[in-house]
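In full-length UniProt numbering, the protein residues as written are 1 to 520.
No residue lacks a Cβ here, since even glycine has one placed at the ideal position from N, Cα and C.
Here the structure is a predicted model, which means the values were calculated and not measured.
Single-structure report; data block below.
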C-alpha cells in the first residue's frame, strides 16, 4: 500500500501495514518471543528408548495428522488404505553392565531440571553473586546428606531439626544464609585437605557481623533468629570438626537462652531445642564439657525400647559376665538392651517413629555420660567391663546425634578413654583368664576395636595406631581370615549394618587381611 504524500497541515504520521500474513520465518520469530519464559518451569518429557528389533516405529507427526483428516470423512473419493508403519531394525545391542538382568533397561538417576530453576526464582534477603547459588545447591546436595547419613532409616525427628538447611530461613535471614554459604565452602575446602579459603572466610565474617549486630540490640539479642544463627554456626563448626569453636558458640547460646528464660522458652517439642540438646550432648562426649541443657529429671532411667525379658537377659554377654564376679550397673545394661533393640529394628528395615527416635537421641547419650564409673568404684575387673561397655556404646550412639555421625576430629575424651580401656582389657584377658573366658573376652574386644575404629579413629591417627596393631592381633588370635566370618561375629553384639558395615569392611581389607593372611 502506498503512503499518501506528506501534508504539513494534516496528522503528523499514519502507519499502515498490509493485511497479509508475515512470512514463515517472521511468524516463527514472533512465536519464540511470545513464548519466552513460559515453559521454563515445565518438566521435559523423557527421551524415548530405542526400539528393539521387530518393534514398530510410530509414524511422524505430520503423517498422523493426515490420517486423522482422512478418518474424519471430510473429503470425497475412495477411502485410503492404511499405511503399514515401517519396521525399524535396532542397532546391535550393547552388553549390559554387570549386575543388570538381561532384558532390563539401564537408566541413570539424574538431577531433575527444575531444581536450578526453582533456586533461581527464590528471593533472598540480600544480593548474591552467581557462585553463591552453586554453594547453596551444594549445601543441600553434598553437606546435608553428609550430616544425615541415616535419613532413610532413623525417624525424621532426628533430621528435620536442622534449621540451617531450611530454605525459608535461608531466604529470610541473612545470618543463616551466610552461615550456609560458609558451611558449604568450608566443607568443600576441608574435604580436599585445605584450610578455609578466602570465600569461606568472607561468608564467615558476614555471618559473625550479622550476629554481632543482633547482639548489640537489646530486643534482637533474644529473638529466635539470633538463636538460629548461633546454633547454625555451632553446627557448622561440628561439621568441620572444630569442636573447640563449637563449644564457644554453645557457651554464647546458653547465655542468650538464659535471657529468654531457658530452653523451655523455645516451646515444647521445638526443633531448635532438639538441635541444641544434640550439640550439647555431642560436645560432652567429645570434649567432656558440662551439660548445660539437660538434667537427670529430663530422662527416664528405665528401658525405652526393650520390653520384658529382653531388658533383663543378655546372652551375648553371658560368657564374659560369668567370668566377671561383679555385673556392671543394671542401668548400663538397660542402655545396652535399648541399643540392641534399636540395632535389630534398623537392621530389619523398620523406621522408628519421630518421637521415639528423638527420645533415644537424648536419653541414650545422656545416661551413658552420667554412668561414668569412678576409679575407686567396685571391683577392678567390673570397672574395666563397665567402662568398656559404656565407652563402646557411646561410640555406637554417635549415629543418633545429627552432625556427629561422620565427625572424628577432636573427639578427645572419647578417643583417649577408648584407647585406654581397650588396651587394659587386652592385657587383662591375656594374663588372668582361662581359655574359655579368654575366647569370649577376645570377641568382645574385637567388637569394641571395630566400633572404635569406625566411629572415632581416622585413618592414620596417632591415637589409633596402637589399636590398629591390636586389631590385627585379635583377628589373628580368633582365626578369622574372611570378612564374612568377622561380620557374623560383630553382629552378635551391637551392630547397625547401614552405619558400620561398609567402613568396617574397608578397615578389615586394608589393615587386617594383608597381615592376617601371612599369619594364618
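Can you tell me whether residue i is buried or exposed, with buried defined as 16 or more other CB within 10 angstroms of its CB?
i: residue 240; result: buried
i: residue 294; result: buried
i: residue 31; result: exposed
i: residue 396; result: buried
i: residue 485; result: exposed
i: residue 192; result: exposed
i: residue 280; result: buried
i: residue 47; result: In this prediction, residue 47 has a pLDDT of 48, which is less than 50 and means its spatial position is unreliable; what the coordinates show is noted afterwards. It is exposed - the Cβ of residue 47 has fewer than 16 other Cβ atoms within 10 Å.
i: residue 387; result: buried
i: residue 358; result: buried
i: residue 361; result: buried
i: residue 236; result: buried
i: residue 417; result: buried
i: residue 460; result: A caution first: residue 460 carries a pLDDT of 48, below 50, which makes its placement in the model unreliable, though a value can still be read off. Exposed.
i: residue 227; result: buried
i: residue 436; result: exposed
i: residue 194; result: exposed
i: residue 33; result: exposed
i: residue 211; result: buried
i: residue 404; result: buried
i: residue 175; result: buried
i: residue 363; result: buried
i: residue 29; result: exposed
i: residue 411; result: buried
i: residue 179; result: buried
i: residue 346; result: buried
i: residue 343; result: buried
i: residue 510; result: exposed
i: residue 431; result: exposed
i: residue 127; result: exposed
i: residue 508; result: buried
i: residue 303; result: buried
i: residue 332; result: buried
i: residue 442; result: buried
i: residue 526; result: Outside the modelled stretch of the chain, which goes from 1 to 520, sits residue 526, for which no answer is possible.
Check the C-beta distance from residue i over to residue j and give it rounded, since I have them as a contact under 8 Å.
i: residue 230; j: residue 253; result: 5 Å
i: residue 393; j: residue 335; result: 6 Å
i: residue 339; j: residue 470; result: About 24 Å; that fails the 8 Å criterion.
i: residue 447; j: residue 490; result: 6 Å
i: residue 196; j: residue 207; result: At roughly 13 Å, the Cβ-Cβ gap does not stay under 8 Å, so residue 196 and residue 207 are not in contact.
i: residue 283; j: residue 289; result: 5 Å
i: residue 278; j: residue 445; result: About 30 Å; that fails the 8 Å criterion.
i: residue 457; j: residue 415; result: 7 Å
i: residue 299; j: residue 367; result: 6 Å
i: residue 143; j: residue 184; result: 6 Å
i: residue 429; j: residue 452; result: Not a contact, Cβ separation roughly 17 Å.
i: residue 482; j: residue 425; result: The Cβ separation is near 25 Å, so there is no contact.
i: residue 285; j: residue 353; result: 25 Å between Cβ atoms; not a contact.
Starting from residue i and walking both ways along the alpha helix (DSSP H), at which residues does that stretch end?
i: residue 134; result: 130 to 138
i: residue 187; result: 174 to 191
i: residue 345; result: 330 to 347
i: residue 510; result: Counting along the chain, residue 510 falls outside any alpha helix (DSSP H), and DSSP gives it neither H nor E.
i: residue 274; result: 271 to 287
i: residue 485; result: 483 to 490
i: residue 256; result: 243 to 260
i: residue 320; result: 318 to 323
i: residue 211; result: 198 to 215
i: residue 447; result: 435 to 455
i: residue 26; result: 24 to 34
i: residue 314; result: Here residue 314 belongs to no alpha helix (DSSP H), and DSSP marks it neither H nor E.
i: residue 367; result: 354 to 370
i: residue 265; result: Per DSSP, residue 265 belongs to no alpha helix (DSSP H) and is neither H nor E.
i: residue 145; result: 144 to 147
i: residue 239; result: 224 to 239
Taking only heavy atoms of the ligand MN into account, decide whether any of them is closer than 7 Å to the Cβ of residue i.
i: residue 372; result: Looking at this structure, you won't find the ligand MN or any other ligand, since it has none at all.
Validate contact between the stretch 467 to 482 and the stretch 299 to 319 using beta carbons, cut 8 Å, 3 pairs
Segments in contact, no.
At least 3 beta-carbon pairs within less than 8 Å: the stretch 250 to 265 vs the stretch 303 to 314:
The stretch 250 to 265, when compared against the stretch 303 to 314, does not touch it at the 8 Å Cβ threshold.
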